[in-house]
Every structure is written in structure tokens, then in C-alpha cells.
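With the working numbering applied, the sequence shown corresponds to residues 14 to 267, in that order. Think of the CB as a built atom: it goes at the ideal place given N, C-alpha and C, for glycine as much as any other residue.
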Amino acid sequence: MFDFIRKTLVILELEIRKIIHDPLEVFTRSVQPALWLLIFGQVFAKMPIQSFHTDYLSFMTPGILAQSVLFVSIFSGIAIIWERDLGLIQKILTTPTPRTAIVLGKALSAGARAIPIVIIIYLLAIILGVSIHWDALHIAGVFVFVILGSIFFSTFSLILACLVKTRERFMGIGQLLTMPLFFASNAIYPIELMPDWLKFLSHINPLTYVIDGLRSLMLGVPSGLGILLDFAILLISSIFVVILGGILYKRVAA
């Protein structure tokens, strides 16, 4: 177990170095959530969301954070295809590093990419007067949910990359998935307002559980689905996709 953790952290360190060498990426990743909060959120700021007893801007802020986690993570798999084309995958596969450690290390790096966005959204929340719950344990919980969401969606992205193998096909499928995942969740409207068919899709959408946990922790309101349930579903789902990603990882080099 210790060796597995050490090798996972080595992969994570290598990925973090890429982030440090390209700090502009943090800025570009932050533009979209900032626009959602500053434009869309301000336009609908007076919309009452009675089920959560809060203003609409506060309601949507955790949803926009989760959206950013999704967008950062869902296209991370394309790096696997680039690494294959450069011959790096073949070199990694010759090492004794467990495939699941490689996958988990890369998944955690997506969480590292999302952390600056969490900080930026909290800063925007202060500026816009969002009713954030400033409790240390709740803020720590936000980071836990962000990292779990990043692990799930980035590993799901890696699995897609292992299956489709070409950049063009991967980008097409990624773009096809992001909007349905976002709009079939409780990011910008509560589940209670959805038609029955959309409620069903929302309940099988992992992004819903990320948002529900973030909303409860960030706003200090009761979780609509149960925060322990949110955490358990995300943890189990993340473990499952990491194991599956480890099994499929060698296929990308084929």
C-alpha cells in the first residue's frame, strides 16, 4: 500500500509540474465560471429559489464551481492520446508502476487544476455578496468534493481516450457529453422543478451529487439528497472508474 501511494504521488508530482510550467491555464480556466457568475448570475439574481431559501446567485454558485470541475476534467483524457503519440505511454508501461497508480495520479492532478478555480470562485463570491458559509470544516469539505468530482470525471475521460484512441473522436464525444451532463443536473435549477424524465437523468448523473454536496457545504443549507449519500456515491464511483481505467490504460498504447 505504501509503495502504491508513493508511486501515485510521483505521477501526481509530474503532472503538477506541467501546471506550474503553464500558469496561464489557471487564468483561462477561470474565465468561463467568472462569466457565468458575473453575467448570467447577475441577470437572474432576483429569481427566488424557495426550496433552498436563498437568492439565485447563491444557489447557482456551487453549480458553476461543479461545472468548472467538469470542464477541467472531462477533456483531460486528451493528454493520454498526446502521450501515446509521443511514445511516453509505451515507456510508462515498461515500468513496474501499477496501472491504477498511474490513473489515480493523473486523476488527482485534475483536482490540483481545479483548486485554483475554487479559490477564484470564493473570491468572486465575496465580491458579489454570495451568502457563503465560512466554516473551516465546510471549506475543507468543498475541497474534498471538488477533488472527488475531478477524480471521477478525469478518469472517465481517460477511459474514453483509451477506447476511442484518436484526438478528433475524443473531442467530439467530450463536447457531446459536457452540456447534457451540466443541464441534466441541479446546477442552475433545483431537481424539484424538473419534469419526471429529467429528474431520473439527474439522479443517475454524478455531477448532481457533486453539486448537492458543494451546495450544502458552501451555503450551509441542508443537503437535498443527503451529504453522506453524495460522498458515498462519488467515492464508490471514483474507485470503480479508477480500477476500470487501470485495466484499460494499456489499451491506449495499442
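Helix, strand or coil for residue i? Go by DSSP, reduced to three states.
i, result
"T67", "strand"
"G54", "helix"
"Y135", "helix"
"L101", "helix"
"L121", "helix"
"W147", "coil"
"A197", "coil"
"F253", "helix"
"M207", "coil"
"I217", "coil"
"T108", "coil"
"T179", "coil"
"G233", "coil"
"G259", "helix"
Count the other C-beta atoms from every protein chain shown that fall within 10 angstroms of the C-beta of residue i, then say buried if there are 16 or more, exposed otherwise.
i, result
"W49", "buried"
"A114", "buried"
"R30", "exposed"
"V56", "exposed"
"F88", "buried"
"W46", "Sequence inspection shows Pro at residue 46; the Trp mentioned does not correspond to that position. Buried is the call here."
"A153", "exposed"
"G100", "exposed"
"I33", "exposed"
"A245", "exposed"
"F15", "exposed"
"F213", "exposed"
"T168", "buried"
"A149", "exposed"
"I140", "exposed"
If you draw a straight line from the C-alpha of residue i to the C-alpha of residue j, how long is it?
i, j, result
"V44", "D209", "34 Å"
"T179", "S215", "30 Å"
"S251", "G258", "10 Å"
"M192", "L232", "25 Å"
"E181", "R19", "34 Å"
"I105", "A120", "16 Å"
"Q103", "G142", "50 Å"
"H151", "I52", "27 Å"
"L230", "L242", "14 Å"
"Q188", "C175", "17 Å"
"R126", "L206", "33 Å"
"V23", "I172", "21 Å"
"P203", "D98", "43 Å"
"V255", "V155", "21 Å"
"F253", "L261", "12 Å"
"S81", "W95", "23 Å"
"N218", "V85", "17 Å"
"L70", "G54", "5 Å"
"S236", "W147", "17 Å"
"I91", "P109", "24 Å"
"I133", "I93", "28 Å"
"S170", "T107", "23 Å"
Report, in whole angstroms, the separation of the C-beta atoms of residue i and residue j, which I expect to be a contact under 8 Å.
i, j, result
"L25", "S122", "6 Å"
"I128", "Y135", "About 11 Å separates the two Cβ atoms, so there is no contact after all."
"V159", "V116", "In fact, because the Cβ distance is near 19 Å, the residues do not count as touching under 8 Å."
"E28", "G124", "Rounded, the Cβ-Cβ distance is 10 Å, inconsistent with contact."
"T74", "V234", "Their Cβ separation, rounded to whole angstroms, is 12 Å, which puts T74 and V234 out of contact at 8 Å."
Any heavy atom of the ligand GDP closer than 8 Å to the CB of residue i?
i, result
"A200", "Absent from the structure shown: the ligand GDP. Ligands present: none."
Which same chain residues end up closer than 7 Å to residue i when comparing Cβ atoms and leaving out the 5 residues on each side of it in sequence?
i, result
"L161", "L247, L248, S251"
"D79", "The residue asked about is misnamed: residue 79 is Ala in this sequence, not Asp. Closer than 7 Å at the Cβ level, and outside the excluded window around A79, lie G162, A200, L220, V223, I224, L227."
"L83", "F166, T191, L194, F195, L220"
"V177", "F183, I186"
"I240", "G226, S229"
"A138", "T74, I145"
Quick one: residues in its chain with C-beta nearer than 6 Å to the C-beta of residue i, no 5 flanking neighbours on either side, listed in chain order?
i, result
"T221", "S198, N199, S215"
"G76", "A200, I201, I224"
"I164", "A120, S251"
Under 8 Å Cβ to Cβ from residue i, same chain only, skipping five residues before and after it: list those, please.
i, result
"L211", "A197"
"P111", "F17, K20, G259"
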